[in-house]
Amino acid sequence: DTVLCFTDAGKVYWLTVYDIPQAGRNAKGRPIVNVLNLSEGERITSILPVDEYREDQFVFMATANGTVKKTTLDQFSRPRSSGLIACELDEGDWLVGVAITDGSQDILMLSDAGKAVRFKESDVRAMGRTARGVRGIKLGEGQKVISLIIPTEGGTVLTASQRGFGKRTDVTEFPTKGRGTQGVIAMVTSERNGPLVGAVQVFEEDEVMLISDQGTLVRTPVKGVSVLGRNTQGVTLIKVAEKEKLVGVERICEDDDESLEAVVSEGLEADTDAAADANMDADASVDDAVDGEDGQETEE
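Below, the structure is given as structure tokens:
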């Protein structure tokens with residue numbers, strides 16, 4: 454099997470399973486820069502296992518500036534040690550999320566302003582690797598996309614804010630709208646909450662790992678997080694100090710190894726620094742960004 458590693462710079466790198474060092478459950482592992490030829494400051498944002506490069510499957514990508522793009526999976530079948538361009542990015546933009554799709558699924562994008570847009574994957578035509586893509590969500594000034602989700606029946610969307618508040622919302626609460634709209638409220642971003650910093654799709658037996666910019670890690674069962682409607686502020690997920698900020702939330706599947714916390718700790722310093730940089734201006738730009746439920750369709 455092959456593992457596709459997508460970076461914030463819009464590039465993709467390949468790993469075969471035998472390239473990944475095998476070690477015990479408590480081992481620290483090797484730094485990823487010793488395995489992949491990453492540029493200085495380049496970070497991996499998505500890792501996707503692939504067993505067959507099929508032309509009827511797609512790599513669906515979303516960027517921080519709200520652009521989306523899909524490319525047939527078979528276009529990623531020829532690895533290069535130096536990586537390949539997966540998505541051409543504008544200056545100041547970066548790749549946020551990547552998923553493998555079948556061409557008929559729904560797409561859900563969430564922004565740091567607490568907005569979410571859901572649209573049909575078929576609204577986006579397939580493009581070549583070096584194409585820039587089309588608008589997926591209409592963002593206000595200073596706003597950024599923070600998550601790409603492929604909604605699944607039975608799932609809930611766990612949203613988390615910079616001040617440590619969050620909630621779960623059933624995926625059916627997010628209506629399908631046209632691509633390129635402002636979307637609807639996913640979570641209220643207030644002075645109490647701060648901007649949205651993470652959103653993941655979870656299931657009842659999952660856990661989530663919450664990460665702060667001060668190195669605090671909290672692992673909590675999903676079933677303990679309240680299920681609330683979209684237009685709400687949520688409840689306390691993690692208590693943060695006055696100058697501390699929540700910078701990330703990750704899903705831990707039911708069958709994930711208990712040693713994940715040690716692995717996350719090993720890479721925490723680089724991840725929290727990068728996440729804090731990405732959110733450093735969010736307080737000023739998004740506190741009042743949620744100004745209505747429905748956006749307008751764009752011409753793109």
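Here the working numbering = 1-based position in the sequence shown + 453.
By construction, the Cβ of each residue, glycine as well, lies at the ideal position given by its N, Cα and C atoms.
If we count the other Cβ atoms within 10 Å of its Cβ and call it buried at 16 or more, is residue i buried or exposed?
i, result
"Gly494", "exposed"
"Thr625", "exposed"
"Arg621", "buried"
"Tyr471", "exposed"
"Val653", "buried"
"Arg533", "exposed"
"Lys597", "buried"
"Asp461", "buried"
Cα separation between residue i and residue j?
i, j, result
"Lys692", "Ala552", "31 Å"
"Asp565", "Gly647", "9 Å"
"Val680", "Gln667", "28 Å"
"Arg531", "Pro484", "24 Å"
"Gly550", "Ala694", "29 Å"
"Arg645", "Gln686", "9 Å"
"Phe529", "Val503", "10 Å"
"Arg507", "Leu468", "18 Å"
"Val641", "Gly607", "23 Å"
"Asp543", "Arg496", "17 Å"
Give the DSSP bridge partners of residue i, in chain order.
i, result
"Gln475", "Answer by DSSP bridge pairing: none, since Gln475 is not bridged."
"Ile560", "Phe572"
"Trp467", "Leu457"
"Ile553", "Val512"
"Lys620", "Thr612"
"Pro532", "Its beta-bridge partners do not exist; DSSP assigns none."
"Gln654", "Val610"
"Ile691", "Beta-bridge pairing links Ile691 to no other residue."
So, for residue i: in the same chain, excluding its five sequence neighbours on each side, which residues have a beta-carbon less than 8 Å away from its beta-carbon?
i, result
"Ile500", "Val456, Leu457, Cys458, Phe459"
"Asp559", "Arg571, Phe572, Lys573, Glu574, Ile603, Pro604, Thr629"
"Phe627", "Leu561, Ala569, Arg571, Pro604, Val610, Val637, Ala639, Arg683"
Would you grab the beta carbon distance between residue i and residue j for me? Rounded to a whole angstrom, and I think it's under 8 Å.
i, j, result
"Val671", "Leu663", "4 Å"
"Ile705", "Glu660", "4 Å"
"Gly617", "Leu563", "Not really, about 18 Å apart at Cβ, beyond 8 Å."
Suppose the cutoff is 7 Å on Cβ atoms and the five residues either side in sequence are ignored; what does the same chain contact list for residue i look like?
i, result
"Ala579", "Phe511, Lys523, Thr524, Thr525"
"Pro474", "Gly482, Arg483"
"Lys464", "Gly536, Leu537, Ile538, Ala539"
Among the residues of its own chain, which have a CB less than 6 Å from the CB of residue i, if the five just before and after it don't count?
i, result
"Thr520", "Gly586"
"Tyr466", "Cys458, Leu489, Gly536"
Just to check, is the beta-carbon of residue i closer than 7 Å to a non-hydrogen atom of the ligand PLP?
i, result
"Gly586", "Looking for the ligand PLP in the displayed structure turns up nothing, as the structure carries no ligands at all."
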